[in-house]
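Here the structure comes first, spelled out in structure tokens, and everything after it is commentary.
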Amino acid sequence: MSLTVNSGASTAPIATTTTKDTTANDLSEQFLKMLVAQMQNQDPMNPMDNAQLTSQLAQISTVNGISSLNDTVAGLGSNLAGMQSMQAAALVGRDVEVPGKTLVLEEDSTVRGGFDVPYAVENAKLTIANADGAVVYTSDMGKTKAGTTHFDWDGKDSDGNQLPPGTYTFDVQLTASGVTGAATTLSTVTVQSIQPGAAGTRVIDKGGNQYNMSAVRQIS
């Protein structure tokens with residue numbers, strides 16, 4: 001068997017609803033109607049003074065400005081969502097690295113995995129299991145520097161026998177100063193399609209697993 005190690009620092013349909021938007025002009029018209037009604041019904045003995053009128057007109061300008069700002073922000077949000085979907089579409093057919101424990105072994109090929117090391121450790125132990133949970137391969141990688149470490153597995157078990165294509169899982173245990181803990185693991189998956197949504201764009205791998213665009217760590 002062989003393992004190449006590279007260490008270095010480093011969904012359901014969305015329901016939509018239709019609402020009637022209130023524009024800045026609508027708000028201004030409503031405000032003016034209220035102001036005119038107030039002036040028509042004011043006490044003749046105590047009419048609105050110039051300061052009050054100026055204040056009311058200033059409020060119209062403020063409401064108008066806030067509404068316009070809201071429209072601008074909404075437009076920017078829509079444009080950003082569209083740009084993210086276009087960027088995600090360019091990932092279809094490419095390999096990306098995301099948090100996960102999966103290794104998809106294909107015929108006559110190696111498969112890449114990775115893990116994060118928060119600080120230098122004395123040993124990093126890799127364990128790979130098949131779909132039934134049986135351990136098929138283990139490797140003590142020894143001292144490992146802080147950062148992200150990648151490995152390429154050739155699909156052979158600990159005795160050097162070639163294993164069949166399929167989905168495997170892996171785990172990495174880090175040991176430092178006599179204390180052992182699990183590392184954050186990273187899977188390399190092939191993007192099959194994308195799915196835009198209100199919560200953001202998701203990428204979908206060949207196995208149907210979905211990941212947020214923000215979860216993509218690396219593109220290859």
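Residue numbers are given in full-length UniProt numbering: position 52 of the sequence shown equals residue 52, and the series is strictly consecutive.
Positions of the beta carbon are idealized from the N, C-alpha and C atoms, including for glycine.
Q | Whole-angstrom distance between proline 196 and glycine 77, CA atom to CA atom | A | Locating residue 77 in the sequence shown gives position 77, where the first residue counts as 1. Locating residue 196 in the sequence shown gives position 196, where the first residue counts as 1. Unreliable placement is indicated for glycine 77, whose pLDDT of 49 sits below 50; no coordinate value is reported for it.
Q. Relative to the alpha-carbon of alanine 131, which residue among Val191, Thr110, Thr169 has its alpha-carbon at the smallest distance?
A. One-based indexing of the sequence shown puts residue 131 at position 131. Closest by C-alpha distance to alanine 131, out of Val191, Thr110, Thr169, is Thr169.
Q. With a CB to CB cut of under 8 Å and the five nearest residues on each side skipped, what residues in its chain are close to glycine 207?
A. Your numbering for residue 207 matches position 207 in the sequence shown. Result list for glycine 207: Thr102, Val104, Thr167, Val189, in chain order.
**Q.** Inter-stretch contact at 8 Å, needing at least 3 Cβ pairs: the segment 198–205 / the segment 133–148
**A.** The segment 198–205 vs the segment 133–148: no contact.
Q | Contacting residues, own chain, Cβ-Cβ under 8 Å from alanine 89 (five flanking each side not counted) | A | Stepping through the sequence shown from its first residue, residue 89 is reached at position 89. Within the same chain, Ile194 come within 8 Å of alanine 89 by CB-CB distance, once the 5 residues on both sides are set aside.
Q) Alpha carbon to alpha carbon, how far is phenylalanine 115 from glycine 155? A) Position 115 of the sequence shown, counted from the first residue, corresponds to residue 115. Position 155 of the sequence shown, counted from the first residue, corresponds to residue 155. Using only the alpha carbons, I get a separation of about 18 Å.
Q) Which residue spans inside the UniProt domain "FlgD Tudor-like" (83–217) form an unbroken beta strand (DSSP E) run of at least 3? A) The UniProt domain "FlgD Tudor-like" (83–217) contains these whole beta strand (DSSP E) runs: 95–99, 102–105, 111–117, 123–129, 135–140, 147–153, 166–176, 179–182, 184–195, 202–205, 210–212.
Q) Given that a residue counts as buried once 16 or more other Cβ atoms are within 10 Å of its Cβ, and exposed if not, what is valine 98? A) Working through the sequence shown from its first residue, we reach residue 98 at position 98. Valine 98 should be labelled buried.
Q. Is valine 96 closer than 7 Å to valine 191 when the C-beta atoms are compared?
A. The sequence position of residue 191 within the sequence shown is 191, counting from 1. The sequence position of residue 96 within the sequence shown is 96, counting from 1. Closer than 7 Å, so yes.
(Q) Helix, strand or coil, according to DSSP, for threonine 19 in the structure here? (A) Reading the sequence shown from its first residue, position 19 is the one you call residue 19. Confidence at threonine 19 is low in this model, with a pLDDT of 46, below 50, so its placement is unreliable and no value can be given for it.
Q: Name the residue from Val216, Arg217, Thr185 whose alpha carbon lies nearest to the alpha carbon of proline 118.
A: On the sequence shown, position 118 is the one that residue 118 refers to. Looking from the CA of proline 118, the closest CA among Val216, Arg217, Thr185 belongs to Thr185.
Q: Quick one: residues in its chain with C-beta nearer than 8 Å to the C-beta of lysine 143, no 5 flanking neighbours on either side, listed in chain order?
A: Here residue 143 refers to the residue found at position 143 when the sequence shown is read from its first residue. Exclusion of the five residues before and after lysine 143 leaves Ala120, Val121, Glu122, Asn123 as the residues of its chain whose Cβ lies within less than 8 Å of its Cβ.
Q: Using a threshold of 7 Å, state whether the C-beta atoms of aspartate 152 and threonine 201 are closer than that.
A: In the sequence shown, residue 152 corresponds to position 152, counting from 1. In the sequence shown, residue 201 corresponds to position 201, counting from 1. Cβ atoms of aspartate 152 and threonine 201: not closer than 7 Å.
Q. Alpha carbon to alpha carbon, how far is histidine 150 from threonine 127?
A. Numbered from 1 along the sequence shown, position 150 holds the residue referred to as residue 150. Numbered from 1 along the sequence shown, position 127 holds the residue referred to as residue 127. Between the alpha carbons of histidine 150 and threonine 127 lies a distance of about 14 Å.
(Q) Measuring straight from C-alpha to C-alpha, what distance separates asparagine 209 and glycine 93? (A) As a first step, residue 209 is located in the sequence shown; it is residue number 209 there, counting from the start. As a first step, residue 93 is located in the sequence shown; it is residue number 93 there, counting from the start. The alpha-carbon atoms of asparagine 209 and glycine 93 are separated by roughly 15 Å.
Q: Taking all protein chains shown into account, decide if serine 220 is buried (16 or more other Cβ within 10 angstroms of its Cβ) or exposed.
A: Reading the sequence shown from its first residue, position 220 is the one you call residue 220. So serine 220 counts as exposed.
Q: Report, in whole angstroms, the separation of the C-beta atoms of glycine 113 and serine 187, which I expect to be a contact under 8 Å.
A: Stepping through the sequence shown from its first residue, residue 113 is reached at position 113. Stepping through the sequence shown from its first residue, residue 187 is reached at position 187. Correct: roughly 6 Å between the Cβ atoms.
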